[in-house]
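In UniProt numbering, the protein residues as written are 1 to 120. For glycine and all other residues, C-beta sits at the position ideal for the given N, C-alpha and C.
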């Protein structure tokens, strides 16, 4: 009887905690909106991995992160942050823009097999 109880608890732990390993291999990349511009304009991210994109809107006005390439859009209110999960992305270039400031707020994400980092 004790063996069944122990095995059932071990099994329950696997069921609860097994999906968490999927979140361990997520790269976190930061993007800032300031003066209706994205900083940095170009982000280099690892290809074939899920990305947690943290967007910090330092303007007083809202901005909408929009990307047809990534199939993502998200309104970020002034002086707030938002998180968008993207990927895994194949190697390539993906554009994004601010829908409320499309002439100035533009950027690209480059998914590369080389070491990923924020571009200068």
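Under the three-state DSSP convention, the category residue 3 falls into: Residue mapping note: residue 3 aligns to position 3 of the chain shown, counting from 1. DSSP places residue 3 in helix when its eight states are reduced to three.
How do the stretch 103–110 and the stretch 78–85 stand: do at least 3 beta-carbon pairs fall below 8 Å, yes or no? no
Which residues DSSP lists as bridging residue 30, in chain order: Locating residue 30 in the chain shown gives position 30, where the first residue counts as 1. The partner list for residue 30 (beta bridge, DSSP) reads 54.
Hey, how far is the Cα of residue 40 from the Cα of residue 8? Position 40 of the chain shown, counted from the first residue, corresponds to residue 40. Position 8 of the chain shown, counted from the first residue, corresponds to residue 8. One C-alpha to the other measures close to 50 Å.
What is the C-beta distance between residue 110 and residue 42, in whole angstroms, given that I count them as a contact (C-beta under 8 Å)? By one-based count along the chain shown, residue 110 stands at place 110. By one-based count along the chain shown, residue 42 stands at place 42. At roughly 6 Å, the Cβ-Cβ gap stays under 8 Å, so residue 110 and residue 42 are in contact.
Applying the 10 Å Cβ sphere with the 16-neighbour rule, what's the burial state of residue 59? As a position in the chain shown, residue 59 is number 59, starting the count at 1. Residue 59 comes out buried.
At which residues does the beta strand (DSSP E) containing residue 42 begin and terminate? The sequence position of residue 42 within the chain shown is 42, counting from 1. Note, residue 42: beta strand (DSSP E), 42–46.
If you drop the 5 nearest sequence neighbours on each side, which residues of the same chain put their C-beta closer than 8 Å to that of residue 108? Along the chain shown, one-based indexing puts residue 108 at 108. If we look at residue 108 and ignore the five residues flanking it on each side, its Cβ neighbours are 41, 42, 43, 93, 94, 95 and 96.
Taking DSSP as the reference, what is the three-state secondary structure of residue 120? Counting from 1 along the chain shown, the entry for residue 120 is found at position 120. Its pLDDT being 49, under 50, residue 120 is placed unreliably by the model, and the measurement read from it follows with that caveat. Note: residue 120 maps to coil in three-state DSSP.
Just mark residue 3 as buried or exposed, buried being the case when its beta carbon has 16 or more other beta carbons within 10 Å. Here residue 3 refers to the residue found at position 3 when the chain shown is read from its first residue. Its Cβ having fewer than 16 others within 10 Å, residue 3 is exposed.
Can you find the residues in the same chain that come closer than 7 Å, C-beta to C-beta, to residue 114, ignoring five residues on each side of it along the sequence? One-based indexing of the chain shown puts residue 114 at position 114. Answer for residue 114: no residue qualifies.
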